[in-house]
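Q: Everything in the sequence shown is counted per my numbering, starting at 1332 for the first residue and increasing by one. The structure's right below; bear with me while I get my questions together.
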Amino acid sequence: MNIKYKNNKKKITPDQLKGFFVGWAKHPNSETHLKILKNSFAVWLAFDGSRCVGFINAISDGIFYSYIPLLEVLPDYKGQGIGTELVKRMLKTLKNMYAIDIVCDESIAAFYKAIEFKSCVGMVKRNYDKQNGTGKL
Ligand SMILES: CC(C)(COP(=O)(O)OP(=O)(O)OC[C@H]1O[C@@H](n2cnc3c(N)ncnc32)[C@H](O)[C@@H]1OP(=O)(O)O)[C@@H](O)C(=O)NCCC(=O)NCCS
1332 MNIKYKNNKK
1342 KITPDQLKGF
1352 FVGWAKHPNS
1362 ETHLKILKNS
1372 FAVWLAFDGS
1382 RCVGFINAIS
1392 DGIFYSYIPL
1402 LEVLPDYKGQ
1412 GIGTELVKRM
1422 LKTLKNMYAI
1432 DIVCDESIAA
1442 FYKAIEFKSC
1452 VGMVKRNYDK
1462 QNGTGKL
């Protein structure tokens, strides 16, 4: 499979972002997904032709600290190294930052441990009624 990786978010359309947030009870629609990507500090996207089949984003103060809120590869494309490639490319983009943090389920920890991350204790607050990303500030 010829997967191409891009970090330019300017020319993406909502139509290219169908099928993500698998298993989420409520989730951002494609338009909101695009806004999330556009508002992010950095993104990497994996394309099969014009279809986006994987993405990762980072939010940041631009100097010191960055956080990776989302990483996903579409089900049909899992297990081909796309997720690892997206994380590696993002780590390269963020290589001058002190902190690059991710919160994940225990079941995914092995994936991140294999690519330079280590475990720590974290505390999180989640407003599940805002899980579709339409909450106004
Ligand atoms: C996690 C995810 C991004 C991995 O993407 P992927 O393209 O399938 O991963 P890769 O093909 O690069 O896998 C690399 C290695 O990690 C392993 N791996 C993949 N998913 C894993 C998981 N969920 N848990 C543990 N190990 C995993 C693979 O078996 C592979 O191991 P190998 O090199 O020994 O064969 C993908 O499964 C996904 O989108 N999951 C749903 C969303 C999610 O959980 N995102 C993370 C949020 S924190």
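Built from N, CA and C at the ideal position, the CB exists for glycine as well.
Helix or strand or just coil, what does DSSP make of S1391?
A: Looking up residue 1391 in the sequence shown gives position 60. Three-state DSSP puts S1391 in a strand.
Q: Which residues neighbour ligand 1 when neighbourhood means a C-beta less than 5 Å away from any of its non-hydrogen atoms? List them by chain order.
A: That gives L1402, E1403, V1404, K1409, G1410, G1412, I1413, G1414, T1415, C1435, I1439, A1441 and F1442.
Q: Determine which residues share a DSSP beta bridge with E1403 and list them.
A: Locating residue 1403 in the sequence shown gives position 72, where the first residue counts as 1. Its beta-bridge partners are F1386.
Q: Just grab the DSSP bridge partners of W1375 for me.
A: As a position in the sequence shown, residue 1375 is number 44, starting the count at 1. According to DSSP, W1375 bridges with I1387.
Q: Thinking L1368 and F1351 are a contact (beta carbons under 8 Å), I'd like their distance in whole angstroms, please.
A: Position 37 of the sequence shown holds residue 1368. Position 20 of the sequence shown holds residue 1351. Going by Cβ atoms, the distance from L1368 to F1351 rounds to 11 Å, so no, they are not a contact pair.
Q: Using only the alpha-carbon positions, how far apart do K1419 and P1359 sit?
A: In the sequence shown, residue 1419 corresponds to position 88, counting from 1. In the sequence shown, residue 1359 corresponds to position 28, counting from 1. Each residue's Cα considered, the two are about 25 Å apart.
Q: Using CA atoms only, rank isn't needed, just tell me which of F1395, T1465 and K1349 is closest to M1428.
A: For the purposes of this step, residue 1428 is identified with residue 97 of the sequence shown, where counting begins at 1. Selected option, being the one with the closest Cα: F1395.
Q: Is there contact between the stretch 1459 to 1468 and the stretch 1422 to 1441, where contact requires at least three CB pairs shorter than 8 Å?
A: Result no; under three Cβ-Cβ pairs closer than 8 Å.
Q: By a C-beta neighbour count over all protein chains shown, 10 Å radius and 16 as the cutoff for buried, is W1355 buried or exposed?
A: Residue numbering aside, residue 1355 sits at position 24 when the sequence shown is read from its first letter. So W1355 counts as exposed.
Q: What's the call for A1389, buried or exposed, on a 16-neighbour Cβ count within 10 Å?
A: Residue mapping note: residue 1389 aligns to position 58 of the sequence shown, counting from 1. Classification of A1389: buried, given that the 10 Å Cβ count is 16 or more.
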